[in-house]
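Residue numbers (my numbering): 227 to 459.
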């Protein structure tokens, strides 16, 4: 549970009434982005206020009338998801920087330099984002910002979002581990088990193509057949 001093105000106006709660800003924004969050841990205190700064609480009758429940945790969840979170400039800047790095990491894994067919280093992407004056929304999921950011930094560095379709063939003695690992890091489109091998068709972001090769070679001690079939745009 976050302390009252470290909490920020979550605010929802509903049916002409104001409802406020004191929340952990990080957990509140995690909840807004669809992550699983303990509402109890998110709240500084399990109370609903008319004015959190003055400590004025909402009556039970008013909560029942507007939310049709007296469950504080359900009400708090609705306030966070549908209302606004008041944060300081410092908190906002920190959230933007964290989201910027998250977006850049996704791009580093999913995009390549079309001139070399190799992924761009993370720092190069971050530098390009700065040079292109990319604006990051701290409240929007990173994945939803990737395509827009790539379009922006394309004026600075050659970059392309691509996916590769790759066929692999692994000897049966390595098949179990290889199959498990590919399911974890790639999209498995087809597979075939034979008496002596595991054959699969996978789809991966172009940026992690070399990671796929390294992982399969590590698992099989180099005893693997790999063939790129096509680019998936």
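Glycine included, every Cβ here is placed at the ideal spot set by N, Cα and C.
In this chain, residue 300 is not harboured by any beta strand (DSSP E); it is covered by the alpha helix (DSSP H) spanning 298-308. Under the three-state reduction of DSSP output, residue 320 falls in the helix class. Taken through DSSP and simplified to helix, strand or coil, residue 431 comes out as strand.
Under the three-state reduction of DSSP output, residue 331 falls in the helix class.
The criterion of a C-beta distance shorter than 8 Å is not satisfied by residue 249 and residue 256. Contact between residue 423 and residue 398 is confirmed by a C-beta separation of about 6 Å, below the 8 Å threshold. Here the alpha carbon of residue 254 sits roughly 13 Å from the alpha carbon of residue 318. Residue pairing of residue 414 in beta bridges, as defined by DSSP: 428.
Under the criterion of beta carbons closer than 8 Å, residue 391 and residue 456 qualify as touching, at roughly 5 Å. Cβ-Cβ distances below 7 Å link residue 333 to 351, 372, 375, 376 in the same chain, with the five nearest sequence neighbours on each side left out; the list follows chain order. Residue 421 is classed as exposed because its beta carbon has fewer than 16 other beta carbons within 10 Å across all chains shown. When Cβ pairs closer than 8 Å are counted between the two stretches, the segment 322-337 is seen to touch the segment 352-368, the count reaching three or more. Look at residue 456 here: in three-state DSSP terms it is strand. Around the Cβ of residue 236, a 10 Å sphere holds 16 or more other Cβ atoms; the residue is buried. DSSP lists no beta-bridge partner residue for residue 267. Listed in chain order, the non-local C-beta contacts of residue 241 below 7 Å within the same chain comprise 292, local neighbours out to five positions each way being set aside. Under the Cβ criterion (8 Å, minimum of three pairs), the segment 336-343 does not count as touching the segment 278-286. Annotation for residue 351: the continuous alpha helix (DSSP H) segment containing it runs 348-357. Within the same chain, and ignoring the five residues on either side of residue 290 in sequence, the residues whose Cβ sits closer than 7 Å to its Cβ are 296. Non-local beta-carbon contacts of residue 382 in its own chain, meaning distances under 7 Å to residues more than five positions away in sequence, involve 354, 357, 358 in chain order.
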